[in-house]
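Residue numbers (the UniProt record's numbering): 1 to 428.
Here the structure is laid out as structure tokens; the discussion comes afterwards.
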Ligand SMILES: Cc1ncc(COP(=O)(O)O)c(C=O)c1O
């Protein structure tokens, strides 16, 4: 690592990154000068030799046989793409229904959206042409007030997703290991693959609680760098009890506690714990709680000894002006946020009771804004998802082995529940 300063190097004339073919460096002592030109920003390198030396001819041959993917890092060439849900417009075209006629219960979005202050703030945005504050100062101050944790411990990101990747980029060397506890949010595994890390999976127990004994063994034997824990867990909605969390925090591993859905659990966030646990990071988001999934704002609480490096490594303008304005405006109306949360929690409980009555579904109790259901009695989970989609109701179905035979239903408005139940009755 480091910088090769071509302008000041006495023996190097021309360098190129290692792109799968040999790094080529032409010593200046060779007689074919000038053999290179470094333009403007020092990035472009152009061969200028009038009598082409054989080394350059060889390079030209190699270049002609190059394909673009030879520039890609080897571990990424093997990466399976993340499978996101379909955008609303694409879905709408595919189903032949207007977006407003689709009941979207597949991505745990908050159907109530943000408070009116957000629309007002976006409409009167004064400086969209100026780069945002790289330190998101206004937002972090508002979050400090909201969470009771000083803003020095808080860093905002382009969704919690960005922070998961940023943490991995700061912590993991290629070949390092992380612990993942499936079934859980699949971005941990995905980002680990992007960052060249190995994933050790310690499956959850049948009731979706953590297998702390096995986690302890794996940490002792495999020496992974960090573990991702989700509470409430996506997709089942179970929470991690304090005793289990404290046991894991005592182990020599960085614990990333993802609290994307904590508001729906009635349990207090562990953000303040980062002051006493040097190995704890807590992640949260505006996507669920404040209905801002489309604007991409997440945040994390970090020990001071860790946050310093995230500041150094993050993209300077990772939280857009619109995102910061929206998140601040949402926090200005805590009454709205509380009311929406309570409405969703109430609807979750109604939905759970209704799903229990469907003969081919076994729903799991949830502390979040979604309910996982086992699909039983000869009904196929994929067929169920597809049949509901044809009726304009989207739910989440899984292809991975841990969740084959399960579907997840996000909690919507009462009228969404009513349509879903109607469709399920038709399929019974
Ligand atoms: C557990 C979990 N963490 C993080 C995220 C991503 O949050 P954000 O929208 O802030 O990137 C999600 C999104 O579904 C999630 O389920």
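For glycine and all other residues, C-beta sits at the position ideal for the given N, C-alpha and C.
| query | Along the chain, which unbroken stretches of the beta strand (DSSP E) at least 3 residues long are found entirely within the region 149–180? | reply | 154–157 and 177–180
| request: Using three-state DSSP, classify residue 396 as helix, strand or coil. | output: strand
| query | What is the DSSP secondary structure of residue 336, counted as helix, strand or coil? | reply | helix
| query | Of the choices 109, 173 and 180, whose alpha-carbon is the least far from that of residue 88? | reply | 109
| request: Take every Cβ of the region 318–333, pair it with every Cβ of the region 119–137, and state whether three or more of those distances are shorter than 8 Å. | output: yes
| task | Just list the beta strand (DSSP E) runs in the region 181–262, keeping only unbroken ones of 3 residues or longer that don't cross its boundaries, in chain order. | result | 198–201, 226–230 and 254–258
| task | Please find out if some non-hydrogen atom of ligand 1 comes closer than 6 Å to the beta-carbon of residue 449. | result | Residue coverage of the chain in this structure runs from 1 to 428, which leaves residue 449 outside it and unanswerable.
| said: Do residue 328 and residue 93 have their beta-carbon atoms positioned less than 7 Å apart in this structure? | reply: no
| query | Can you tell me whether DSSP reads residue 129 as helix, strand or coil? | reply | coil
| Going by beta carbon distance, what residues of the same chain come within less than 7 Å of residue 295, once the five residues before and after it are set aside? | 322, 323 and 326
| query | Looking at residue 407 and residue 358, is the spacing between their C-beta atoms short of 7 Å? | reply | no
| field | Nearest neighbour of residue 372, chosen from 378, 362, 380 and 203 [CA to CA] | value | 362
| query | Taking the C-alpha atoms as reference points, what is the distance between residue 305 and residue 348? | reply | 39 Å
| query | Given that a residue counts as buried once 16 or more other Cβ atoms are within 10 Å of its Cβ, and exposed if not, what is residue 68? | reply | exposed
| said: What does the alpha-carbon distance come out to for the pair residue 383 and residue 398? | reply: 12 Å
| With 16 as the cutoff for other CB atoms within 10 Å, does residue 18 come out buried or exposed? | Residue placement at residue 18 cannot be trusted, given a pLDDT of 46 that sits under 50; what the coordinates show is reported in the next sentence. So residue 18 ends up on the exposed side.
| Cβ-based neighbour list, residue 160, same chain, cut-off 6 Å, excluding 5 preceding and 5 following | 260, 283, 285 and 298
| said: For residue 211 and residue 380, what's the separation of their Cα atoms in angstroms? | reply: 29 Å
| task | Would you check if there are 3 or more beta carbon pairs closer than 8 Å linking the region 189–208 to the region 170–179? | result | yes
| field | Around ligand 1, Cβ to any heavy atom closer than 6 Å, ordered along the chain | value | 108, 159, 160, 161, 185, 230, 234, 258, 260, 285, 287, 293 and 298
| task | Answer yes or no: do residue 200 and residue 222 have a C-beta to C-beta separation smaller than 7 Å? | result | yes
| Residues of its chain near residue 128, where Cβ-Cβ distance is below 8 Å and the 5 sequence neighbours each way are ignored | 321 and 322
| query | Are there three or more Cβ pairs, one per stretch, closer than 8 Å when the region 411–423 is compared with the region 96–111? | reply | yes
| said: Please classify residue 145 as buried or exposed, where buried requires at least 16 neighbouring CB atoms within 10 angstroms. | reply: exposed
| said: Under DSSP, the beta strand (DSSP E) around residue 374 begins and ends at which residues? | reply: 370–375
| Top-ranked residue by Cα proximity to residue 274, from 111, 154 and 288 | 154
| Which residue or residues does DSSP assign as beta-bridge partners of residue 363? | 373
| field | Boundaries (first-last residue) of the alpha helix (DSSP H) holding residue 305 | value | 304–313
| In three-state terms, what does DSSP make of residue 67? | coil
| Quick one: Cα of residue 405 to Cα of residue 233, how far? | 18 Å
| message | Just to confirm my understanding: we take residue 98, look at its own chain, exclude 5 residues before and 5 after, and list those with CB closer than 7 Å. What are they? | response | 92
| task | To the nearest angstrom, report how far apart residue 61 and residue 276 are at their CA atoms. | result | 60 Å
| Assigned secondary structure, residue 416 (DSSP; H/G/I helix, E/B strand, else coil) | helix
| C-alpha gap between residue 352 and residue 308, whole angstroms | 43 Å
| Roughly how many angstroms lie between the CA atoms of residue 366 and residue 346, to the nearest whole one? | 12 Å
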